[in-house]
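Numbering-wise, the sequence shown is residues 1 to 215 according to my numbering.
Note that CB positions come from ideal geometry on N, CA and C, so glycine has one too.
So the structure is just underneath, and the comments pick up after that.
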Amino acid sequence: MVRRWLPLVATSGALLAWSNVAVPLFGSGPGTRAAINGAAAALLLFVVRGCGLSLRELGLDHRTWRSGARWGGAALAAMAVGYAVALAIPAVRDALAESSEGLTPGELAVRALVVIPLGSVLAEELAYRGVLLALARRQLSDRAATLVTAGVFGLWHINGAAESTAVGTVLLTGAGGVVFTWLRLRSGSLLAPIGLHLGTNSLGEVAGAAADALR
């Protein structure tokens, strides 16, 4: 019984230790964190091999690419519309501006096109909606697997939150994890949550810079 649950428990623990223990040791800058997260995603290939996870279980089966691209593209477009509306509301625009204040165009481009897509979105989606979800679904119903992986995903973000907002950060990112997982299960593809994640984070950086320029 213990052995049956070991891959899921061990992988969850390793991800949390990586984010909340290893990352602070190496530094917390966006570039550093992205590189470390990318390394973590690469190490997960050993989990994939050791547990015999298939491409279909990981959401990487080529037969689901069309569905994933359709759902992911729709999610990305929805986020673009959402940020456009937000920029038209002064109070929301001011809040967005604070997130990207002081970034040069070059820094913005690197963060939005390289650091976030590779070190955050791709690494986290492979880890959570790919490997961890596949392990959880082997032992749990889809609903339970969604809640477990979303909970671990929320705890993964503790290190990036201020002490006063840690609980809110965990709850917010955990809720986001539920939505990402729903997209992954609905489409059958990892491309769907990748689209929403890119829309949330990369377009968020661009929207923040636009808001800062409009002030």
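Asked: Ser99 and Gly208 closer than 8 Å at C-beta; Found: yes
Asked: C-beta atoms of Leu183 and Ala75 nearer than 8 Å; Found: yes
Asked: Alpha-carbon spacing of Leu132 relative to Ala80, whole angstroms; Found: 29 Å
Asked: Gly195 (DSSP reduced to helix, strand or coil); Found: helix
Asked: Pairwise C-alpha distance: Ser120 and Ala34; Found: 6 Å
Asked: Option in Val21, Cys51, Gly174 with minimal Cα separation from Asn37; Found: Val21
Asked: Ala40 and Asp212 closer than 8 Å at C-beta; Found: no
Asked: Pick from Gly177, Ala210, Val206 that is closest to Ile194, judged by C-alpha positions; Found: Gly177
Asked: Segment limits, alpha helix (DSSP H) that includes Glu98; Found: 90–100
Asked: Among Thr181, His197, Ala136, Pro90, the one whose alpha carbon lies nearest that of Cys51; Found: Ala136
Asked: Which listed residue (Ala134, Val206, Thr173) has its alpha carbon closest to that of Leu58; Found: Ala134
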